[in-house]
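*Asks:* Have a look at the structure that comes next, please.
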Amino acid sequence: MFQELSEERRILSASIDSWLRANYPLPAARQHGPANWKQFAELGWLALAIPSSCSGLGGSAVDLALLAEAFGRYLVDEPYLATAVLCAGLIEACGSDEQRTTWLAEIAAGDRTWAFGLYEPGTQYRYGEPAVIASEAAGRTILSGTKSAVEGAAIADRIIILASDPKGTRGLFIVDRWGEGVRVDTVGSVDGRQISAVVLEGAPVLARLGAAADKISSIDDVLARALVFLCAQAVGAMQATYDQTVDYLQTRKQFSQRLSDFQVLRHRVVDMRVEIELCRSLVAAAARAVEANSNHLIAATSAKAMVGKAGRFVAQQAIQLHGGMGMTDELCVGHYLKRLMAIDATLGNADFHERRFVMLGQVAQ
Amino acid sequence: MFQELSEERRILSASIDSWLRANYPLPAARQHGPANWKQFAELGWLALAIPSSCSGLGGSAVDLALLAEAFGRYLVDEPYLATAVLCAGLIEACGSDEQRTTWLAEIAAGDRTWAFGLYEPGTQYRYGEPAVIASEAAGRTILSGTKSAVEGAAIADRIIILASDPKGTRGLFIVDRWGEGVRVDTVGSVDGRQISAVVLEGAPVLARLGAAADKISSIDDVLARALVFLCAQAVGAMQATYDQTVDYLQTRKQFSQRLSDFQVLRHRVVDMRVEIELCRSLVAAAARAVEANSNHLIAATSAKAMVGKAGRFVAQQAIQLHGGMGMTDELCVGHYLKRLMAIDATLGNADFHERRFVMLGQVAQ
Amino acid sequence: MNLLSKPELLEFRAEVRGFLSENLPAELSDRASCHAHLSREDIVAWHKILYRRGWSAPSWPKEFGGPGWSGAQRYIFEEECAAADAPVLSPFGITMVGPVIYTFGTPAQKQAFLPKIVSMDHVWCQGFSEPGSGSDLASLSTRAVSDGDDYVVNGTKIWTSEAHYSDWIFCLVRTDQGAKPQSGITFLLIDLRTPGISVRPIISIDGGHSLNQVFFEDVRVPKGNRIGEENRGWTYAKFLLSYERILTADAARSKRRLARLKEIASSFATGWLLTEAPCVAKRIAALEIEVMALESLTIDTLLKDERGEALAVEPSILKLRGSEVLQRILELTCDVLGPDALAYEHRVLPKGNAAFPTYAAGRVEEYLYRRAATIYGGSSEVQHNIIAKAIFG
Amino acid sequence: MNLLSKPELLEFRAEVRGFLSENLPAELSDRASCHAHLSREDIVAWHKILYRRGWSAPSWPKEFGGPGWSGAQRYIFEEECAAADAPVLSPFGITMVGPVIYTFGTPAQKQAFLPKIVSMDHVWCQGFSEPGSGSDLASLSTRAVSDGDDYVVNGTKIWTSEAHYSDWIFCLVRTDQGAKPQSGITFLLIDLRTPGISVRPIISIDGGHSLNQVFFEDVRVPKGNRIGEENRGWTYAKFLLSYERILTADAARSKRRLARLKEIASSFATGWLLTEAPCVAKRIAALEIEVMALESLTIDTLLKDERGEALAVEPSILKLRGSEVLQRILELTCDVLGPDALAYEHRVLPKGNAAFPTYAAGRVEEYLYRRAATIYGGSSEVQHNIIAKAIFG
């Protein structure tokens, strides 16, 4: 994805790719479960973005992007983003020293998984005014309300909840996913993973992340990193979709010609390629911006907006070019479409990020 | 344009076409001036939409659409819309009996031309709250303010001005284009015609159209008819653009093949054709709706929105398919593009009419 | 639409609407609005309700059990059924093989098959496509060899919607290997319970099951089940493909899809980012105008057909643009759903939890399943080729 | 862009910006922003201002009079020039024939031509296209027949921008009728004042004059003005067409166009329909993001080129998408202008009348003239073919 990579990163990238190719089968043949997660821990992937001071490898957004690109290509569906990017990022940015030391080490080791309850029903991608309320009852803090579109909650140990206290101050509160007052309603997601609503009915808070409420602004920084992760995944998925389509057109004949001889189909593939090259470059730029912490919000938002549209275009065209074959669950193209749709819908779709781009002040009104 | 036409209308349509083909040369060879206008009067075209009770032929929106389609095809650039559709329509809808009898007869005979000052600088296509003010001074009503984007004002005899009196009541006031206090600033328009700003500096009002201010609501009805006229013109222009492009591709060779053998170019022409067929059908439906006075506002707005986008698409593709040749002023395709752009920008572009469609209540919010 | 506002048509519309409101079971319209794949039971149940009213074969002449409607009436019926979320009638009997049988069939075939198509005692499916033939239909390779009074059929058909619960399949088979691709083809009607036939389900990308692959191994088909002459099947297939293609724009159903989209968008209008509301409304407006144009061209074309004028490129235009617009509506629906487009169940989403709003149920599934709309029934590329041929030769 | 934020590059940017603010005459930037067609005087004047600073041949090595900039510096220079509305440098000398001369020319040719290109004492134009050859360049038919120390040239070239005020033209001519199309072509430098040359203006759809047709009637061209070998002109032409194609995305100029569009949109934000503002802002955002991607890919490609890696499809992608995005920006500008897009003058619109706002001046002209952006320099269709060939062979 990146034009120039250090030798170290080239090796990382190659090792990720070769492990997944050998060990992570395509959707039809796939098994889920804790085994993969343990493997990810052993490979160091769960520690990738965790600071070296907290049992991590201290990787940046660029390293995460390399991992994500491969995840996109091999359609990895473990809830990595929730635990290792979002929650690890929040703990790092907002946690106390002790919280960081303990919890990040647990994540790096694959001992505990986490989920992040950010959105709520009916407010789409806005999270600025959470309706989940933290209140004091019988000497303890409890949470009430519903969080929606929570990835990874079904199998998480802990859930971080963004909530307001009665004074309107927002904070990040941790609950035990299996504890009292916590109900997790889970359904399959469009890309064959799981998506949950977390219903909190007086759920006791295990801890609050960090002390100061003002750390809330760090959420946007953590989300920027997560957006780059999603975008890089999309680039990997788009490239794989494209590769399979090129192969298919070269193999398949119709009206006694190879499909790849039809000018209209050739040009369509070119349009796919153009989108991918532009996305790759913009996502790489966003990863560097997040790494450098410079204009990172706008960079991440731009990349997510572009990738959301391009991903759908590329996958839709791949299916069209595969004809009826593209509509079957047996081939991968449909799975790539669904993954790309899910990526678009996660943490703000293209529509949302175009509006956010305006709000971040790039477009004068 | 219409699927089924009465014998009478078929003859009208054929006669318009044959006169224009014989007598109205293409842009490069064209002369302007009063001669054409007199001819239009003799042919009965200026009387087409005027009620038979007022020296007219009593034609409906459908008859006007037949004329307009031919005007579009032959790139007629006389300011017919201003005099014979807009102003004649306003006089018919809002005028007193005497005003109707006198002025409509003058229009039908080609003796006087009119223009309509509706829009004002900086408010785009909104005209609900005119800043041109009618006030009383020395016993007469005078107008002050500026009207923009006025078609036909340069050569008109009379101008109808939408203005507010100091109480905010709106009315249609008539001024002498050559009279005191009226300045007409004219520049060439994008399609090689003329567009004016009318600057009113205490211009005395010759008359007010009708008596009651409540007739203002008729403006929308008159505009609906004008929109259908513009749309039908666009359909004629699109069809001519398409015909010339099909011819060009069949004639021209490249890489030892006829251009019309390249699949990508063939499919592009199909996309043009699809737009044209859909526009034709929708515009015909809008003409019938205006004729029947049933759902006519929404029908006219829909047609104008669709035609605005489709016209630009068709003409742009025609130029692309003509390559360098399409960029020269010598061929007609560029003139069609410019006429279609001007049609889009007149009385509300596609953007505006999509919003108006929402406001007319078709889209629940 | 103006052309539909004559008094007798307004009356007809009221009659249809009244019938639907009294006879369409709510649970059926619920399922039809949320699921891309209905069961045989649901499809047959609705068909029979219409059958009892005489409306189960809307395009058929009275002679064979149709209502003998005009084009305008057919469109109004479509529109009202769509607005009421009635299940779509299975096209394979009514729109495809039925007209072939009443046009080219023997008296015995007419008697045997037509009444059961109208009543849906037989559920039919279509055996045209084959693996490897794609848009190039004439390259099919399923063989039928004459053997006494029977043909013996070997080969396979694919993308066979509803085969897993159908009774009969109509097939194109090759009876002359030597001839040009189009001229060695025969049109057969095959009872799916004949020994040697097996059906493999194909799960589509939405996770549902409508598609199948059908295998024929030494399947004996009586020659009495052949339509018309041997080796002339391509003619009957072309007739079939050109029959009743006018309604393929699906304008009526797309209007209903737009109405649903508006319901979803409205539900956000208060809580949601208000600045977004006008932009969504404008995008919906643009699509609604396109659907109006499709509807207008559909009606124009129905009337043209009724006047006996030859149709040129209209059916291809309607299929091409109708399927694209349909997909754009469903795509915008997913956009507007935002995070609610993540949750996905082939059954209805959990009710009573606001995090899984009921308006989302089935929308993403429909988007995925209708991804095929620009592929099936002659792909967009094929429609482009057809229209280009009409223009340039 | 992150890759441009190294301290030495920030410093360079400041230097360029400072130079422009001090040396770019306001009336020149005014004209450049409102007119598609500048006069020879304007183009030469600006070129000479840069020449005095040593910046008139941004992509050239120092050896021949260029500044020896890195790719990043070249992009920054482009960006600052665009932001300041500096006239675009005429490409025919600097970007096209100059590099051909310094790569393939004789010492005498280098000495005679290069300094005058850098100083713009010679204005150059390009004689490649011919009537009838279109995108199929190799089918050209202008002939050059050897006659002693000269060639005698007959034929015609078309779409020759700036020919009416140029001094020299570089041409592809056919010197071997029998050979394959590509192998009988020779590359000649021709003085436009040679007897037998005539220039016919071609007025473009915007009403302006930049394009011409050039006629050659028994024009004698000394063989010393031939580049390289006879019949090998196609090689030099391919080199020319592949040189410095990276900046064709025009991302820097498109950023400026977006900024102008935003100025126009802002001027409506109070009086205008407020509900529209967010929709326009969102459409602008979508385009701005595309321009960011083009910019990012431009910089990546410049750096790749600088590292000496072979460029694959990047230049074609940049040309293809850059020209499309540019047109979409100009199209949206016309949309936002609404009724103000009707008034059109090739000179500036009347000032001081609010009905003809100054922000509208030149915008529709630019839209019309840039309609050619997807046609010239290898049309979008040709770029698609090139990329497809790279993918599929």
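Residue numbers (the working numbering), protein chains in the order written: chain A, 7 to 371; chain B, 7 to 371; chain C, 4 to 396; chain D, 4 to 396.
Don't be surprised by glycine CBs; every beta carbon is placed ideally from N, CA and C.
It should be emphasised that the depicted structure is a prediction, and the values quoted were computed from it without experimental measurement.
Distance, Cα to Cα, A:A47 vs A:D117?
*Replies:* The alpha-carbon atoms of A:A47 and A:D117 are separated by roughly 9 angstroms.
*Asks:* Taking CB distances under 9 angstroms as the criterion, tell me whether B:L271 reaches chain D.
*Replies:* yes
*Asks:* Can you give the Cα-Cα distance for D:H212 and A:F358, rounded to whole angstroms?
*Replies:* 44 angstroms
*Asks:* Does chain A have any CB closer than 9 angstroms to the CB of B:F261?
*Replies:* no
*Asks:* Going along chain A in order, which residues have a C-beta closer than 9 angstroms to the C-beta of C:R1?
*Replies:* Nothing about residue 1 of chain C can be read from this structure; chain C reaches only from 4 to 396.
*Asks:* Taking a cut of 8 angstroms between CB atoms, which residues from the segment 194–209 of chain C lie near chain A?
*Replies:* I205, I206, S207 and I208
*Asks:* How close, in whole Å, do the beta carbons of D:T304 and D:L321 come, if the pair is a contact with beta carbons under 8 angstroms?
*Replies:* Rounded to the nearest angstrom, the Cβ distance from D:T304 to D:L321 is 7 angstroms, consistent with a contact under 8 angstroms.
*Asks:* Quick check on DSSP: helix, strand or coil for D:V316?
*Replies:* coil
*Asks:* Answer yes or no: does any C-beta atom of chain A fall closer than 9 angstroms to that of B:F384?
*Replies:* Residue coverage of chain B in this structure runs from 7 to 371, which leaves residue 384 of chain B outside it and unanswerable.
*Asks:* Under a three-way DSSP split, which group does B:C338 fall into?
*Replies:* coil
*Asks:* Taking only beta-carbon atoms, is B:D267 less than 9 angstroms away from chain D?
*Replies:* no
*Asks:* Any Cβ of chain C within less than 9 angstroms of the Cβ of B:D103?
*Replies:* no
*Asks:* Have a look at B:T192 and B:D171 and give me their C-alpha separation to the nearest angstrom.
*Replies:* 27 angstroms
*Asks:* So, is the C-beta of A:R36 closer than 9 angstroms to a C-beta in chain D?
*Replies:* no
*Asks:* If you scan the segment 186–267 of chain A from start to end, which runs of the alpha helix (DSSP H) of 4 or more residues do you find wholly inside it?
*Replies:* 224–257
*Asks:* Quick check on DSSP: helix, strand or coil for D:L277?
*Replies:* With a pLDDT of 46 at D:L277, under the threshold of 50, the predicted position of this residue should be treated as unreliable, though the coordinate-derived value follows. The answer is coil: DSSP assigns D:L277 none of H, G, I, E or B.
*Asks:* Look at A:T152 and A:E135 and say whether their C-beta atoms are less than 9 angstroms apart.
*Replies:* no
*Asks:* Less than 9 angstroms between CB atoms is the rule here; does D:L277 satisfy it with respect to chain B?
*Replies:* Note on D:L277: pLDDT 46, under 50, position unreliable in the model; the coordinate value appears next. No, D:L277 does not count as interfacial toward chain B.
*Asks:* Does the segment 342–350 of chain A touch the segment 230–243 of chain A, meaning 3 or more C-beta pairs lie closer than 8 angstroms?
*Replies:* yes
*Asks:* Decide yes or no for the touch test of the segment 101–121 of chain D against the segment 142–150 of chain D: beta carbon pairs closer than 8 angstroms, at least 3 of them.
*Replies:* With a cut-off of 8 angstroms, the segment 142–150 of chain D and the segment 101–121 of chain D do not count as touching, because too few Cβ pairs lie within range.
*Asks:* So, are the CB atoms of D:W127 and B:G330 less than 9 angstroms apart?
*Replies:* Going by C-beta atoms, D:W127 is not nearer than 9 angstroms to B:G330.
*Asks:* Are the C-beta of A:T346 and some C-beta of chain D separated by less than 9 angstroms?
*Replies:* Position check: residue 346 of chain A holds Leu in this sequence, whereas Thr was assumed. No, because no Cβ of chain D sits closer than 9 angstroms to the Cβ of A:L346.
*Asks:* In chain order, which beta strand (DSSP E) runs of at least 3 residues are fully inside the segment 162–231 of chain C?
*Replies:* 171–177, 188–194, 200–206 and 212–225
*Asks:* Could you give the first and the last residue of the continuous alpha helix (DSSP H) run that contains B:F417?
*Replies:* Outside the displayed span of chain B (7 to 371) sits residue 417 of chain B, for which this structure offers no information.
*Asks:* Please say whether C:A296 and B:M312 have beta carbons closer to each other than 9 angstroms?
*Replies:* A contact, by the Cβ cut-off of 9 angstroms.
*Asks:* Excluding the 5 residues preceding and the 5 following A:D197 in the sequence, name in chain order all residues of the same chain whose CB lies nearer than 6 angstroms to its CB.
*Replies:* K344, R345 and A348
*Asks:* At a Cβ threshold of 9 angstroms, is A:T175 touching chain C?
*Replies:* no
*Asks:* Report yes if the C-beta distance between A:W120 and A:A160 is below 9 angstroms; otherwise report no.
*Replies:* no
*Asks:* Buried or exposed: which applies to A:L110, given that a residue is buried once 16 or more other Cβ atoms fall within 10 Å of its Cβ?
*Replies:* buried
*Asks:* At 8 angstroms on the CB atoms, spell out the chain D contacts of A:M244, in chain order.
*Replies:* By Cβ distance, chain D contributes nothing, its closest Cβ being about 14 angstroms from A:M244, past 8 angstroms.
*Asks:* Using a Cβ-Cβ distance cut-off of 9 angstroms, determine whether A:V280 contacts chain D.
*Replies:* yes
*Asks:* Just how far apart, CA to CA, sit C:Q216 and C:V385?
*Replies:* 23 angstroms
*Asks:* Can you find a C-beta in chain A that's less than 9 angstroms from the C-beta of D:I292?
*Replies:* yes
*Asks:* Using a beta-carbon distance cut-off of less than 9 angstroms, what residues from the segment 126–137 of chain D approach chain B?
*Replies:* S132, P134, G135, S136 and G137
*Asks:* Look at the Cβ atom of B:I166, then the Cβ atom of B:L178, and state whether they are nearer than 9 angstroms.
*Replies:* yes
*Asks:* Could you confirm whether any beta carbon from chain D is found closer than 9 angstroms to the beta carbon of C:C337?
*Replies:* no
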